[in-house]
Structure formats: C-alpha cells, structure tokens
Amino acid sequence: MTTQTQPPYMRTLYIGAFIVLLSLGVRATFGLFMQPMGLEHGWGRDVFSLAFAIQNIVWGVGAIFMGMLADRYGAGRTIALGAVLYVLGMVGMRLSSDEMSLYLTAGVMVGLGQAGTTFPVILPVVARAVPPAYRSTAMGIASAGGSLGQFAVVPTGQVLISTMDWTGALWVLSLFVAAGLPLAAFLRGRPESSIGTLSLGGAIRQALAHPSFHFLFWSYAVCGFHTAFITLHLPAYLTDGGLTAAHGATAIALIGLFNVAGCIYAGKLGGRYSKKTLLAAIYFLRAFGIIFLLAVPLTPWVAYVFAAWMGLFWLGTVPLTQGLIGQIYGFRYAATLSGIAFLGHQVGSFIGVWMGGYVYQTTGGYTMVWWTGIALAVVAAVLCLPIKEQTLASPAAA
Numbered sequence: 024m025t026t027q028t029q030p031p032y033m034r035t036l037y038i039g040a041f042i043v044l045l046s047l048g049v050r051a052t053f054g055l056f057m058q059p060m061g062l063e064h065g066w067g068r069d070v071f072s073l074a075f076a077i078q079n080i081v082w083g084v085g086a087i088f089m090g091m092l093a094d095r096y097g098a099g100r101t102i103a104l105g106a107v108l109y110v111l112g113m114v115g116m117r118l119s120s121d122e123m124s125l126y127l128t129a130g131v132m133v134g135l136g137q138a139g140t141t142f143p144v145i146l147p148v149v150a151r152a153v154p155p156a157y158r159s160t161a162m163g164i165a166s167a168g169g170s171l172g173q174f175a176v177v178p179t180g181q182v183l184i185s186t187m188d189w190t191g192a193l194w195v196l197s198l199f200v201a202a203g204l205p206l207a208a209f210l211r212g213r214p215e216s217s218i219g220t221l222s223l224g225g226a227i228r229q230a231l232a233h234p235s236f237h238f239l240f241w242s243y244a245v246c247g248f249h250t251a252f253i254t255l256h257l258p259a260y261l262t263d264g265g266l267t268a269a270h271g272a273t274a275i276a277l278i279g280l281f282n283v284a285g286c287i288y289a290g291k292l293g294g295r296y297s298k299k300t301l302l303a304a305i306y307f308l309r310a311f312g313i314i315f316l317l318a319v320p321l322t323p324w325v326a327y328v329f330a331a332w333m334g335l336f337w338l339g340t341v342p343l344t345q346g347l348i349g350q351i352y353g354f355r356y357a358a359t360l361s362g363i364a365f366l367g368h369q370v371g372s373f374i375g376v377w378m379g380g381y382v383y384q385t386t387g388g389y390t391m392v393w394w395t396g397i398a399l400a401v402v403a404a405v406l407c408l409p410i411k412e413q414t415l416a417s418p419a420a421a
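Positions in the sequence shown are counted from 1; adding 23 to them yields my numbering.
This is the structure we're talking about:
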C-alpha cells in the first residue's frame, strides 16, 4: 500500500493563504471600532475615515517598496518586517489618545504592515512556486485566504468588542497578526535571475510604457474604492438604517464567506478564459449589487443578499489582476510590479474611505458615495476591455 504526499508547493500555498487570512481578517474588523472608539474619544466618522484613508494610501506606496525588498532580499524577511510593523501599529492604535497618534498608528504603521503581509508580496511567491498550469487557480486560493479571514475574524472581533470592550479586542487582534511572524520563515527565498531578463528599473520602465499596465492600475483603483468604502462604512450605514451592529458584522462576514468561492472560481476561470473579460464582468456586476441596495427598503435580509452578491465579486479581481501582471510582464519582478499596480488599488481605497466620511459629515448620509461607486464600476469595466494579454518580449539586460 502506497501513500501519496502533497507536492512541496502546497505548503507554500497554504501558508501564504493563512498569512493573508490573518492580515486581511484583522483589517476587516476596523469598521467595528469606529463607533466605540469615537464615542470614547469624541472622534467623528471623518477622523476615522482620514485615519484609514492614510492607512490605505500608505499600504499602496509601501507595497512598492515591500515588493522591491521581496524581489531583492526574499519574501520571508519582508513578511516578517510587515508583521512586526502591523503589530506595533495595532498596539499604538489601542494607546492613541489624540487624532494625530491615531493617524500615525492605525494609518501609517498598520498601512506599512499590511504592505508586507498581503497580496503584492504573497501572491508572487505562490505563483513562482506552483506549476504554470496550476498558477491561476493557486492565486485564487491564496486570495480566498483574505476572504476567509474576513468571514472568520470579523464576527470574532464583534464578540471581542462586546465581551472585552474595544481595548481588549485590539490586544487580542494584535496577537492574531503576530501569529504570522513565525510563518514567514517558511516563505524564504527570492526569484532567481536569468540571462536575458530586464533589470528591475528596466522592468518598471517597460511596464509604465505599456498602456495595458495603466488600464490595470486605474481599474484596480475602482476595486479599492468599493472594498475600502464598504468595509469601513457598511456597518455604520446599516445601523443608520435601523439595523444593529451585529447585522453589520454579519454582512461583512458574509462578503468574506461568499468571496471564498468568488476568488477560487475567478482563479480557475482565469486559467481557462480571458482574464480581462472576467475582470470587466466583475466590475459591471458589482454595480447591480449597489443598485439593489439603494432600490430596496433596508432589512437584515436585504443587507445579507447585498453582502453575498458583492462577496462573489469582492477580491476575485486580485488573482485576475495579478495573474495578468505575471502573464504580460513575467514573474521575475512580479512583486515590485504588483506593488505598483496595487498603489492604484490603494489610491481608490483612500478616496473611498475619505469620501465616505466627508460626505456623511456634510450630508448626513452615504447616498452620493453609493452612486459614485456605481458609475466607477462601469468605468472600470470599460477600462479592462482594451488590455492586451500577450506576453511582452524581454530584451536582454545590458
């Protein structure tokens, strides 16, 4: 009787997915802290919106430098650095007593930590480890780790806040992030150079000169607008509509649950069909979900149906966008190029969370932001269609 063992690359896939689970799962709880922290410190939603807008833009800019570190010194060291910064930022958020300290901790430090522990660093490691035929599916599975974290950690965060107050909840969630630190040792290594490949600077210049990279960048920005705004402001939107904090936490968790399937199938379909067409479809279908939320009287089941629909198309953009980057520009500097593209995602995230807070403070509601999200979904779908999916030739480095 023979026993079959899993191939070595499966360990890389599972550990990478679990680190993303911890990082994005904890991030998805931040909207739950907006009301209890605001009540204690006297901060309005605009203060939290700016803090998390800073977090998102720092995450995007930091992803470029974390990607360079991963391509040069290895993913393991980069992930460990990101985990340390993330934990310090969470602890600092707990100890914040004024707006500036919140911006520096929840904004800058947590943003840098997320840059080193999420998709731009993790997915290229997974993509290089698995066979090409399995690559798109593997990236979908790794992306699903973030969605599973949202499903598992957000309800846990709500329970922690209810039982331990928001202060105790932040301590426990900091330990969740710290659990990723020893796992970084299993993702050691860096991409190998080969004769005829571009230098890092040459690869960046080649991508920036290619129109398809700009289409990916700005469509990814729309993804960031949607996901950041909804993650932070949906719980508050639901409570404003007469629902409870538990309904908001459940809705965010359902987005994560349904996106587990969404990410995996986006990855599978991306291995068979045109990735740009799938991306356009995802953005277009998001618009229908937002229209449904605005058109139907708000009840718990309406919130849950909206969450499930958006969940199907939530982070399915990630394996497709990062898969296109590797497919078109190669995997030698995939972490760096993914970081640059991810900056676009985070520019959109910055605008989404900031605009949510600003519009609420000035109008008393979120209607203008929802309609902006609908329009941007259509724009993103149109931007994806002209992308050229052919691999670029890489002239020999000088």
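Just so you know, even glycine gets a beta-carbon here, dropped at the ideal spot from N, CA and C.
Figure out for me which residue from W82, C246 and G203 has the closest Cα to the Cα of A106.
On the sequence shown, position 83 is the one that residue 106 refers to. Nearest of W82, C246 and G203 to A106, Cα basis: G203.
Less than 9 Å between the C-beta atoms of A152 and L360, yes or no?
The sequence position of residue 152 within the sequence shown is 129, counting from 1. The sequence position of residue 360 within the sequence shown is 337, counting from 1. Contact check for A152 against L360 fails: the beta carbons are separated by 9 Å or more.
Return the CA-CA distance between W393 and M91, expressed in angstroms with no decimal places.
Taking the sequence shown and counting its residues from 1, the one referred to as residue 393 is at position 370. Taking the sequence shown and counting its residues from 1, the one referred to as residue 91 is at position 68. For W393 and M91, the distance between alpha carbons rounds to 36 Å.
With 16 other CB atoms within 10 Å as the buried threshold, where does R68 fall?
By 1-based counting over the sequence shown, the position of residue 68 is 45. R68 is classed as buried because its beta carbon has at least 16 other beta carbons within 10 Å across all chains shown.
Starting from the Cα of R355, find the closest Cα among K298, F307 and L146 and give me that residue.
Start at 1 with the first residue of the sequence shown, and residue 355 comes out as number 332. Considering only alpha carbons, the answer is L146.
Please go through the same chain and pick out, in chain order, the residues whose beta-carbon is closer than 8 Å to the beta-carbon of A268, but skip the five residues on each side of it.
Residue mapping note: residue 268 aligns to position 245 of the sequence shown, counting from 1. Here the set comprises L55, Q58, Q181, P258 and T262.
From this set, I253, G39 and F236, which residue's C-alpha is nearest A276's C-alpha?
Along the sequence shown, read from residue 1 onward, the residue named residue 276 stands at position 253. Of the candidates I253, G39 and F236, the one whose C-alpha sits nearest the C-alpha of A276 is I253.
Which of helix, strand or coil DSSP assigns to T160:
Working through the sequence shown from its first residue, we reach residue 160 at position 137. Judged by DSSP in its simplified three-state form, T160 adopts helix.
Are I42 and T179 close, meaning C-beta to C-beta below 9 Å?
Along the sequence shown, read from residue 1 onward, the residue named residue 42 stands at position 19. Along the sequence shown, read from residue 1 onward, the residue named residue 179 stands at position 156. Their beta carbons are not under 9 Å apart, which means I42 does not touch T179 by this criterion.
Give me the Cα-Cα distance between A201 and L47, rounded to the nearest whole angstrom.
Residue mapping note: residue 201 aligns to position 178 of the sequence shown, counting from 1. Residue mapping note: residue 47 aligns to position 24 of the sequence shown, counting from 1. So the two alpha carbons sit approximately 13 Å from each other.
Give the DSSP-derived three-state secondary structure of I218 in the structure shown.
As a position in the sequence shown, residue 218 is number 195, starting the count at 1. Only weak support is given to the placement of I218: the predicted model assigns it a pLDDT of 44, under 50, and the value that follows is read from those uncertain coordinates. In the three-state reduction of the DSSP assignment, I218 falls in the coil class, being assigned neither a helical nor a strand state.
What is the rounded straight-line gap between the Cα of V149 and the Cα of A161?
Position 126 of the sequence shown, counting from 1, holds the residue named residue 149. Position 138 of the sequence shown, counting from 1, holds the residue named residue 161. Computed Cα separation, rounded: 7 Å.
Does the separation of the CB atoms of L239 and L347 fall below 9 Å?
Counted from its first residue, the sequence shown places residue 239 at position 216. Counted from its first residue, the sequence shown places residue 347 at position 324. A contact, by the Cβ cut-off of 9 Å.
Status (buried if at least 16 other CB within 10 Å, exposed otherwise) for Y296:
Position 273 of the sequence shown, counted from the start, is the residue given in the question as residue 296. Classification for Y296: exposed.
For I287 and G168, which I take to be in contact (beta-carbon distance under 8 Å), what is that distance rounded to the nearest angstrom?
Within the sequence shown, residue 287 is the residue found at index 264, counting from 1. Within the sequence shown, residue 168 is the residue found at index 145, counting from 1. The pair is not a contact, with the Cβ atoms about 10 Å apart (cut-off 8 Å).
Residue closest to H270, alpha-carbon to alpha-carbon, out of H249, A330, L301 and K298:
Walking along the sequence shown from the start, residue 270 turns up at place 247. When only C-alpha atoms are compared, the closest one is A330.
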